[in-house]
Amino acid sequence: MTDSKRPPSPRVIEKTEAEWKSSLSPEEYYILREKGTERAFTGEYWDHFEPGHYVCRGCGTPLFKSLEKFESHCGWPSFFSSAHGDSIEEIEDRTHGMVRTEVVCKKCGGHLGHVFNDGPAPTGIRYCINSPSIRFEPSENLKPKS
Ligand code: FE
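Dropping the structure here:
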């Protein structure tokens, strides 16, 4: 994980709250813009393992590949790395009486979830992501070789 104490970088995509509200569903707005969390085991992708890319639902930027997704049994989509790591920014989060590392889309600032140090090898990290923050785009090219 990188130094999360830096101030957030400027966003490439800036919209007013009214513009975000009109371009997102109420659930997407709550999670991406108000840093909400979906309930565990209720989202679209916690149990989804098709080959493809996961892009930011706020701005379409590629964030994760299906090959980086793993079954974490935590009820949220979990990734052990980000092939598109440059697209993600880490921010120290001291809300709810905890010190956690929030992850946001660098381009639009949309809240994605948090990153923890309890992931599997080879990275040991776990990106714990909300389904409404991402959109799956299938790709035959990412089918595991059998
Ligand atoms: Fe984004």
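In this text, residue positions in the sequence shown follow this note's numbering: the first is -1, and each later residue adds one.
Positions of the beta carbon are idealized from the N, C-alpha and C atoms, including for glycine.
When the five nearest sequence neighbours on each side are left out, the beta carbons in the same chain lying within less than 7 angstroms of the beta carbon of Ile11 are those of Cys57, Lys105, Cys106, in order along the chain.
In this structure, the CA atom of Pro120 is about 28 angstroms from the CA atom of Ser7.
Shortest gap from the CB of Gly56 to any heavy atom of the ligand FE: under 6 angstroms. Under the three-state reduction of DSSP, Lys67 is assigned to strand. The DSSP-derived three-state label of His112 is strand.
Distances from the CA of Arg55 to each of Asn115, Val97, Phe78, Ser23 were compared; the closest alpha carbon is that of Ser23.
DSSP, read as helix, strand or coil, puts Glu17 in helix.
Contact annotation: Pro130 and Ile29 have beta-carbon atoms nearer than 7 angstroms.
Not one heavy atom of the ligand FE lies closer than 6 angstroms to the C-beta of Thr35.
Taking all protein chains shown into account, Pro118 has fewer than 16 neighbouring C-beta atoms within 10 Å of its C-beta and is therefore exposed. DSSP places Tyr27 inside the alpha helix (DSSP H), whose first and last residues are 24 to 30. The three-state reading of DSSP puts Glu12 in coil, since its state is none of H, G, I, E or B. Residue burial is scored here from C-beta neighbours: Ser76 has at least 16 other C-beta atoms within 10 angstroms and is therefore classed as buried. Distances taken from the Cβ of Cys103 to the heavy atoms of the ligand FE include one shorter than 6 angstroms. The DSSP-derived three-state label of Ser79 is coil.
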